[in-house]
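Right, one structure below, let's go through it.
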């Protein structure tokens, strides 16, 4: 569940709320620079934003997790090495090109890190690079280095909002979540949108804190927080080659070991809120689905079944159409169980949607009254109505989240005490337009 | 590869070709009856077709394979029992409602079998039932039994085309494939369209032969043929609760053991052709993709990787848009390898699309000329252009397959001698409209 229950009437209201959440923790500054360039692979002008997050003083207390995709981007390859460095001083992020399997990609990323370090007076190994965007293209290193002075000049300790805006690609709006612990705070930003089924890590997420928590403790807490947040979401079942989540402490505010539990709980909440933000703003998502699988023998069984449901294309389409076609829900469960856990006894399974029992004792429990109530539940969870254009291209008509409601699905396996909530979205014309109609 | 390379200018040409393939093998008759009824779950009129396939004399020589979905339909539950019966005399198929997890579903299906048997003068256990359509609704048993005499009266030994038309749901056209072996023949029909990723069985497929091949041999041959045909396709990764493939011999034409190899090769070809027909007419499919994974250590590795590619939503969308976004292809490979075969050495992997090398030695091989050639390859494989309507609903403008070309993708893992070809389709507005726009 999100820690909030927000409702926004328009984009201005959403931006005002984002601004209210955006104060940087002590010890950090952020700045961005935007520029035009021409990719060599498909020569037409493109725009890129450089986002720089800088610590007042390099810190030993940082953590990061990365994608399990077998073709990680160059920044992920470098980032894994940075984990062994004694300190982190800055993060440099670019959008538009993800620098994945591009010839010479690692060398190019290291050049950008070195130039960033030179401007900041730190060493290249203290810079963590991140890239997101088209897979396969090469970074425009010269144009990036030419834009760096602008990003450095824009550095400010006031707000993380410019950085939250700088890292996005097809996101409709920036994402910021915060929590307080004693005198300190935790502030996170995320970009998501598409190619989202994180596996042991996630899209691009940067979480900053001024609370002084040591490196090893930070890393253990981040692993647990990611496992119960970003690792339980899927927009389209595709695992990005660039997934990165980084957590950095400036150490400006003391944090006693007695406060660690509160810190970890706050961190987990920030991660869960950002994960839900990422799903709610997933490419083409018009309904967020929250699938709670309970009564499972273990957490992994529950999580895998939840993911099988939120990734089942026919059920996703039914949700998009406000159609309580629960036959497709049971099909998705049956496919997963038949293929991956054939020994599971499904005869005791029951299922609910919007709190209404739809399946029990091996048979559906459907009638016209339930159907009407289920349609109402689906309509209430819809974020916006489709608005087709004359050329058949669908684009979301809003650039803010109007509410935080979800399609609530509960599967009870009645075969154990474990539970997992998995978030996903529907499959819509807006998703297809975003990913098929931009060229042809 | 299909055994044919057909090109059809219009629906009439396609129908003429179907008619030329439709002669029933000796010893079989087929007939259909269409009627209106009102489902109890969502009271508005619907239409159902009953399709009856009858042997002149019940035969011991039949085989069938069924879905691995953990919630199989009532006909699948009954069908598994029928495999132990000494003989099969008829197959009764209905569309519109799949009879899956409906209260009393097995009893209803048995009642329909008994009434069919009574009309034909055989025993109920000699009747194999099949149902396809909405999951969760109950069969209209009384209306079906009232329509049975019409289906019996329509029985004819001429053509399987009425049966091929009778079993469809959202299919755009009927599917018939045939092969000859000596003086006998093998004729198969299929319905497919959506919820198609068969697992050890498939949608509804009925293959009839007059060649006298004994039961055990038939069953072994069918298992092998299905494994290399229907088990290598996926339209939307959803495994139906009703998948059934049945193979029945009337035994009218002698088949010596020396001819078995020829029979099995012909059977495999009919299965492969039907499987490709099912993909080509998959819901919303505008491009068929053929992914050949070679150089694999074993068949299952190759098949699983091929399926991961044809099921990757972002890559499917790119293909729909005639966009050679090969970064998404490599992402799909990397996701699967990272999650399921992390020990595989991907550094030697190479990839081709339309015969053009796009990836080798860990890096992309892209340039503007290749991009132009890849776009041409995608356009040539397109079955039709999207035609949006004013209300945003997309419907395929054709009811025949204009050609048998595919998007040709080759992944060479260079780590073994095994190979598998997997067929799939793109992800289109037509798929979303078929599955989300029919109500709201």
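Chains as they are written, first to last, in the working numbering: chain A, 1 to 440; chain B, 1001 to 1440. Where a beta carbon is used, it is the ideal one built from N, C-alpha and C, also for glycine. These numbers were taken from a predicted model, which means no experiment stands behind them.
Query                                                                                                                        : Result
Within chain B, partners of residue 240 of chain A - CB distance below 9 Å                                                   : 1331 and 1335
Cβ distance (whole Å) where residue 148 of chain A is taken to contact residue 50 of chain A below 8 Å                       : 7 Å
CB contact flag (residue 1295 of chain B, residue 1417 of chain B, <9 Å)                                                     : yes
Delimiting residues of the alpha helix (DSSP H) encompassing residue 379 of chain A                                          : 368–381
Start-to-end residues for the beta strand (DSSP E) that takes in residue 1187 of chain B                                     : 1184–1191
Cβ neighbours of residue 1090 of chain B in the same chain (closer than 8 Å, five flanking residues each side left out)      : 1052, 1053, 1054, 1055, 1116, 1117, 1120, 1122, 1126, 1127 and 1128
Contact list for residue 429 of chain A against chain B, beta-carbon separation under 9 Å                                    : 1392, 1394, 1429, 1432, 1433, 1436 and 1437
Which of helix, strand or coil DSSP assigns to residue 1231 of chain B                                                       : helix
Residue 441 of chain A, buried or exposed, once every other Cβ within 10 Å from all chains shown has been counted against 16 : One cannot answer for residue 441 of chain A here, as it falls past the ends of chain A, which runs 1 to 440.
Counterpart residues of residue 1341 of chain B in DSSP-defined beta bridges                                                 : Its beta-bridge partners do not exist; DSSP assigns none.
Bounding residues of the alpha helix (DSSP H) (the contiguous stretch that carries residue 1094 of chain B)                  : Counting along the chain, residue 1094 of chain B falls outside any alpha helix (DSSP H), though it belongs to the beta strand (DSSP E) covering 1088–1094.
Terminal residues of the alpha helix (DSSP H) in which residue 8 of chain A lies                                             : Unbroken run through residue 8 of chain A: none, as it is neither H nor E.
C-alpha gap between residue 1301 of chain B and residue 1422 of chain B, whole angstroms                                     : 12 Å
Neighbour flag for residue 1237 of chain B against chain A, beta carbons, 9 Å                                                : yes
The segment 143–158 of chain A contacting the segment 250–266 of chain A, beta-carbon criterion three pairs below 8 Å        : no
Under the three-state DSSP convention, the category residue 1176 of chain B falls into                                       : strand
Rounded distance between the beta-carbons of residue 1184 of chain B and residue 1211 of chain B, thought under 8 Å          : 4 Å
Cβ pair count under 8 Å reaching 3, the segment 1258–1270 of chain B against the segment 1382–1395 of chain B                : no
Coarse secondary structure for residue 305 of chain A, derived from DSSP in three states                                     : helix
Spatially closest choice to residue 1135 of chain B from B:1109, B:1153, B:1101 and B:1107, by CA coordinates                : B:1101
Contact with chain A by residue 1004 of chain B, beta-carbon distance below 9 Å                                              : no
Exposure of residue 1010 of chain B, with buried meaning 16 or more beta-carbon neighbours within 10 Å                       : exposed
Short CB-CB distance (under 9 Å) between residue 426 of chain A and chain B                                                  : yes
Beta-ladder partner(s) of residue 1033 of chain B, from DSSP                                                                 : B:1050
Sequence ranges, alpha helix (DSSP H) only - wholly within the segment 1219–1285 of chain B, length at least 4               : 1260–1280
Residue closest to residue 1402 of chain B, alpha-carbon to alpha-carbon, out of B:1004, B:1003 and B:1008                   : B:1008
Selected residue, minimal CA-CA separation from residue 1044 of chain B, among A:435, A:430 and A:368                        : A:368
Residue environment, residue 1435 of chain B, which counts as buried when at least 16 other CB atoms sit within 10 Å         : buried
Residue 173 of chain A and residue 221 of chain A closer than 9 Å at C-beta                                                  : no
Any chain A beta carbon closer than 9 Å to residue 1441 of chain B                                                           : Here chain B has residues from 1001 to 1440 only, and residue 1441 of chain B is not among them.
Under 7 Å from the C-beta of residue 306 of chain A: neighbouring residues of chain B                                        : Correct list: empty, because the minimum Cβ distance to chain B is about 16 Å.
C-alpha gap between residue 1124 of chain B and residue 1432 of chain B, whole angstroms                                     : 41 Å
6 Å CB neighbourhood of residue 1204 of chain B in its chain, flanking five on each side removed                             : 1130, 1132, 1167, 1191 and 1244
Residues that residue 1059 of chain B bridges to, as DSSP identifies them                                                    : B:1088
Residue 20 of chain A (DSSP reduced to helix, strand or coil)                                                                : helix
Separation of residue 1154 of chain B from residue 1226 of chain B, as counted between CA atoms                              : 31 Å
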